[in-house]
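Report on the following structure.
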Amino acid sequence: MSKDDPLRIAFLTYRGHPYTGGQGVYTRHMARELAAMGHHVEVISGPPYPHLDDGVRLTELPSLDLYRMPDPFRIPRLSEFKDRFDVLEYLVTAGATFAEPLTFSLRAHRELAGRLTEFDLVHDNQCLGTGIWKIHKAGLPVLETIHHPITVDRRLETKHAPTPWKRFTKNRFYAFTGMQTKVARKLPRILTVSSNSYDDIVEDYGVDPDKLHIVHVGVDPKQFRPLKHIDVVPGRLMTTASADVAMKGLAFLLEALAKLRAEDNSIHLVVIGKPKYDSRATRLIAELQLSGSVEFVSGVSDERIVELYNQAEIAIVPSLYEGFSLPAIEAMSCGVPLVATTGGALPEVVGSDGVTALQVPPGDSEALTEKIKWALKELNLRSTIGAAGRERVIQNFSWKITAERTVEHYRALLREMGTDAHG
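Every letter in the sequence shown is one number past the one before it in this note's numbering, and letter 212, counting from 1, is 1070.
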């Protein structure tokens, strides 16, 4: 096998929602760039399915999809149960644990068991279910991407749960992390997206550091760019909460917004995302009387997101923790001045405080308030930081580079496993 031979890649993602969470975004861009390099890519996904570019095949692995909107946690009709994996999915979910990593991995193993000769390797996008290890044992080398260990989500969700019962249910929901830990330790080569995630994976999962490698994710700066024909809306702040969970820190931004509006009621917030009906953020909007000053936008195209960034005076990433943060580099790529916390990998991603972004401690609404207030007054500084942030993204983060470096790890994995492409 030469270094230029095209590879046949089965790219797995247990859910590929194009707008909620980063898995669908990562899958779409990686599959597009790999195909552009001449590789044969087949995405195998559970619902919700990703949006893919032409030339990339999608194989759908249906499930009960018990978290689908607008009827999450429904009781399925008997006719919906097609096989033992559907039964397992229902039983695990009924026990208050997230079932999809396990059941998708078993469906993927079943799908690939009869197709072993059609692929050179499997790239799994953070499923880490039991079936992923079975695929590897069956003879298809598996490269794993872990964006960050979900054990971090579990800790933050339980820490910020308002009642003992909520803490119990959060722990039950994240029980699948034990399985993910075991599978991660067994797999031969793992990619992650930042030095911070690298350290957390070693600490939480006990993964051998020698088989863990950093490949940053990217953005398309030709798409996420400043738009001269779009006017900035005075007082507009923008953030992305791709998942309505404590880790994203939206509650602290809402508290800051209320304090800011006490002095200037033109300040308002656009949130890319969709709130849960019973989340802390939803309750805070009501308690702080912010319903008229917070707009949630979901299910929109990248083109519309770029327009929204360009309308904002400031973009904000208030997260308690990030393994990387695509929204941070998307905002920076648009030339929008960014205020971000120092949670997780954010300092590594956004660069120097006061140069390419403005930074505050995570979980501190007072510090966030003061930083936003100051930034809104410093027009020249905002312009300088916005331009420097975009330049940092152009120099460091692109999907093309991500794909090229990932292919290097594909070939290294095949060498380690003693297999050749098409062999």
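We put the CB at the ideal spot given by N, CA and C, even for glycine.
- Under the DSSP assignment, S1159 falls outside any beta strand (DSSP E); it carries neither an H nor an E label.
- Within the DSSP bridge table, the entry for T1097 names V1129, I1174 as partners.
- Burial is judged here by how many other beta carbons sit within 10 angstroms of a residue's own beta carbon; D1011 has at least 16 and is buried.
- The straight-line gap separating the alpha-carbon atoms of Y1268 and V1000 is approximately 9 Å.
- Secondary structure at F869: strand, using DSSP grouped into helix, strand and coil.
- Here R965 is buried. Its C-beta has 16 or more other C-beta atoms within 10 Å.
- In the DSSP annotation of this structure, the continuous segment of the beta strand (DSSP E) that includes V1000 starts and ends at 1000-1003.
- Boundaries cannot be given for T955, as no beta strand (DSSP E) includes it and DSSP labels it neither H nor E.
- Collapsing the DSSP output to three states places H994 in a helix.
- Boundaries of the beta strand (DSSP E) around L1070: 1070-1072.
- Taking each of T955, N983, H1005, I902 in turn and checking the Cα distance to F977, the smallest one comes out for I902.
- When secondary structure is reduced to three states using DSSP, L1014 falls in the helix class.
- With fewer than 16 other Cβ atoms inside 10 Å of its own Cβ, Y1135 counts as exposed.
- When only Cα atoms are considered, H1006 and Q1147 end up about 35 Å apart.
- P1022 and F1031 have their alpha carbons spaced roughly 14 Å apart.
- Taking the Cβ atoms as the reference, S1183 lies roughly 6 Å from L1204, within the contact range of under 8 Å.
- S903 is bridged by DSSP to T871, E918.
- Straight through space, the alpha carbons of A952 and L1226 are spaced by roughly 39 Å.
- A1215 carries a strand assignment under DSSP once its states are collapsed to helix, strand and coil.
- Beta-carbon to beta-carbon, T1097 and A1173 are separated by about 7 Å, close enough to satisfy the 8 Å threshold.
- Under the three-state reduction of DSSP, T975 is assigned to helix.
- L1095 and I1125 do touch by the CB rule: their CB atoms are close to 7 Å apart, below 8 Å.
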